[in-house]
Amino acid sequence: MAMPEGHLIHRHARDQHADLAGQPVQVSSPQGRFDPRPYANQSVTAVEAYGKHLLYHFNDAPVLHVHLGMRGLFLRFADPTVPPRRGTRLRLAGPEVAYDLIAPIRCEPLPSEAERALRTSLGPDPLRDDADPVEAVRRLAAAHAPVGTALLDQTVWAGIGNAWRAELLFLAELAPDAPSVGDARARRLWELAVEYLALGRDAGQVVSDPAVPDERWVYKRERCRRCGSPVRTWQLGGRMAYACPVDQPAGSG
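274 is the number that this note's numbering gives the last residue of the sequence shown; the numbers go up by one with no jumps.
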């Protein structure tokens, strides 16, 4: 199972903000592994995404931090009186809809200092309006690691996972094992990430070819969809890397 990447986290934030913000929300933990008492009689003021993290803001309670990890998921109910599914860690029930959170790796209140530390630990997020493109380019160009490893480092850029790594590097004609990239290549990658992750957020899936949104160029493919060459696969940065040997020659950077 793949960890949800930044485009899906931003989609969750957008949808849940639309459903819950500005309304009283009943917070409960049917599973009993989260203490909802600080959030009693509170209203959600905003739902925010930063990389792979969700941050729920309330009118008078600590920020609620959620990270889905590999297995976490949300279930949405148009009827908030529907009983929660077994194993629900967190239920957020508004007047008209409810969201059940199941199997996250993080579901916790964040005091102000911890929230600041989280934000400081993350690199620019291509889907955030406050992302600094200059800083994004600087961080990637300065990374002392192959570009494919650096892209998975959330302190370099936040929200990129293995699927986006494969497809963005293909679009940029860069090999994942390129030892480094200069400013121009880093800037091109950032522009691609901003453009394509937004498409993915809106579609609810990785979109690396708007003309054929359900297809990938190299990710989990046996052959490159552009030229038909066998896709090269190997372990890089703890994850399987995918590259076309023709469009992304080994070491190209």
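No residue lacks a Cβ here, since even glycine has one placed at the ideal position from N, Cα and C. Note that this is a predicted model, so its numbers are computed, not measured.
Cβ shell of residue i (< 6 Å), same chain only, five flanking positions each side left out
i    : result
G72  : G27, L143, D146, Q175, A179, G180
V46  : V65, L113, G115
C248 : V267
C-beta atoms of residue i and residue j nearer than 8 Å
i    : j    : result
L195 : L213 : no
R32  : R149 : no
A187 : V239 : yes
Q52  : D81  : no
P200 : P251 : no
G93  : I123 : yes
Q269 : L190 : yes
L161 : V118 : no
V84  : E136 : yes
V87  : Q37  : no
A271 : D204 : no
P59  : S49  : no
Bounding residues of the beta strand (DSSP E) (the contiguous stretch that carries residue i)
i    : result
I123 : 119 to 123
P45  : 45 to 49
Q256 : 253 to 257
Q63  : 63 to 71
R97  : 94 to 98
A138 : Segment 133 to 142 is the alpha helix (DSSP H) holding A138; no beta strand (DSSP E) there.
R110 : 109 to 114
A262 : 260 to 264
F79  : 74 to 79
L85  : 84 to 88
Residues near residue i in its chain [Cβ-Cβ closer than 8 Å; skip 5 each side]
i    : result
R242 : V252, Y263
L173 : I181, G182, N183, R186, G258, G259, R260
Beta-carbon separation (whole angstroms), residue i vs residue j, contact threshold 8 Å
i    : j    : result
G258 : G169 : 6 Å
V158 : R208 : 5 Å
Range of the contiguous alpha helix (DSSP H) that encloses residue i
i   : result
L41 : 27 to 41
Contacts around residue i, its chain only, beta-carbon distance under 7 Å, and the 5 residues preceding and following it disregarded
i    : result
P125 : V87, H88, L89, G90, G93, R110
D153 : P145
T254 : M261, A262, Y263
R97  : V118, Y120
R54  : R110
Of all the alpha helix (DSSP H) runs that stay within the bounds of the segment 148 to 231, which reach a length of 4 or more residues?
-> 154 to 163, 168 to 173, 183 to 192, 204 to 224
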